[in-house]
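For the sequence shown, the residue numbers in the working numbering are 10 to 160.
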Amino acid sequence: MHSPWYNSYNYHYMEGETMRVMYEPWFVKYKVDVVFAGHVHAYERSDRVSNVAYNVVNGICTPVKDQSAPVYITIGDGGNLEGLATNMTEPQPEYSAYREASFGHAIFDIKNRTHAYYSWHRNQDGYAVEADTMWFFNRYWHQVDDSSSSH
Numbered sequence: 010m011h012s013p014w015y016n017s018y019n020y021h022y023m024e025g026e027t028m029r030v031m032y033e034p035w036f037v038k039y040k041v042d043v044v045f046a047g048h049v050h051a052y053e054r055s056d057r058v059s060n061v062a063y064n065v066v067n068g069i070c071t072p073v074k075d076q077s078a079p080v081y082i083t084i085g086d087g088g089n090l091e092g093l094a095t096n097m098t099e100p101q102p103e104y105s106a107y108r109e110a111s112f113g114h115a116i117f118d119i120k121n122r123t124h125a126y127y128s129w130h131r132n133q134d135g136y137a138v139e140a141d142t143m144w145f146f147n148r149y150w151h152q153v154d155d156s157s158s159s160h
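Structure representation (structure tokens):
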């Protein structure tokens, strides 16, 4: 998708909210493992979170950790004329596992039908440094989620 649903940068905050409200229940129900977005010129990876309880009437608008939800990755940091998005909300929200306003790129290496290795490489200073990693285990084929990350 283009606009991220979970984004702790002030740029483009909640621009994807209408789409999130419509599709997030399906992502949770059908065990989507990871969702990639761009638009924000920075990097961020969420924990497994959802906000399916939210509606205009109840006012519950805080994402909660949810092992049935996807990991959301915003990777709009490949380079652009406008520069990086550096204005982040502070303190870092609980749902945000890792974020950095740096140029970079990612590799999503699908090993087989059950395993994939994800790595984000910051290259702000011209050197590619693996700064954030995560193993994904397909929850359709592998019912227990032992997805793990490091940074």
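The beta-carbon is built from N, C-alpha and C at its ideal position, and this holds for glycine as well.
- Query: Is it a yes or a no for the segment 23 to 37 touching the segment 69 to 80, going by three-plus beta-carbon pairs under 8 Å?
  - Reply: Counting Cβ pairs under 8 Å, three or more are found: they touch.
- How close, in whole Å, do the beta carbons of His-124 and Ala-140 come, if the pair is a contact with beta carbons under 8 Å? Rounded, the Cβ-Cβ distance is 21 Å, inconsistent with contact.
- Alpha carbon to alpha carbon, what distance is there between Asp-86 and Asp-134? Whole-angstrom Cα-Cα distance: 13 Å.
- Just curious, the alpha helix (DSSP H) that Phe-36 is in, first and last residue? Phe-36 -> alpha helix (DSSP H) spans 26 to 38.
- Item | Reduced DSSP category for Trp-150 - H, G, I as helix; E, B as strand; rest coil | Coil.
- Looking at the structure shown, is His-124 part of a helix, part of a strand, or coil, going by DSSP? Look at His-124 here: in three-state DSSP terms it is strand.
- Message: Whole angstroms are fine: how far does the CA of Glu-99 sit from the CA of Phe-119?
- Response: First, the residue type needs correcting, since residue 119 is Ile and not Phe in the sequence shown. CA-CA distance, Ile-119 to Glu-99, rounds to 34 Å.
- Task: Note the first and the last residue of the continuous beta strand (DSSP E) segment covering Gly-47.
- Result: Gly-47: not part of any beta strand (DSSP E); DSSP gives it neither H nor E.
- Task: Select from Asn-60, Arg-29 and Arg-122 the residue whose C-alpha is nearest the C-alpha of Tyr-5.
- Result: For residue 5 there is no data in the structure shown, the boundaries of the chain being 10 and 160.
- Below 7 Å CB to CB, which residues in the same chain sit around Val-58 once its five sequence neighbours on both sides are set aside? If we look at Val-58 and ignore the five residues flanking it on each side, its Cβ neighbours are Tyr-15, Pro-72, Val-73, Lys-74, Asp-75, Ala-78 and Tyr-104.
- What do you get for Tyr-149, buried or exposed, if any count of 16 or more other CB atoms within 10 angstroms of its CB means buried? By the C-beta density criterion, Tyr-149 is exposed, having fewer than 16 other C-beta atoms within 10 angstroms.
- Message: Give me the DSSP bridge partner(s) of Phe-112.
- Response: By DSSP's assignment, Phe-112 forms no beta bridge with any residue.
- Taking Ser-128 as the reference, give the member of His-114, Arg-122, Tyr-136 and Asn-121 with the closest Cα. Nearest of His-114, Arg-122, Tyr-136 and Asn-121 to Ser-128, Cα basis: His-114.
- Given Val-44, which residues of its chain have a CB within under 6 Å of its CB, disregarding the five upstream and five downstream residues? Excluding positions up to five away in sequence, the list reads Pro-79 and Tyr-81.
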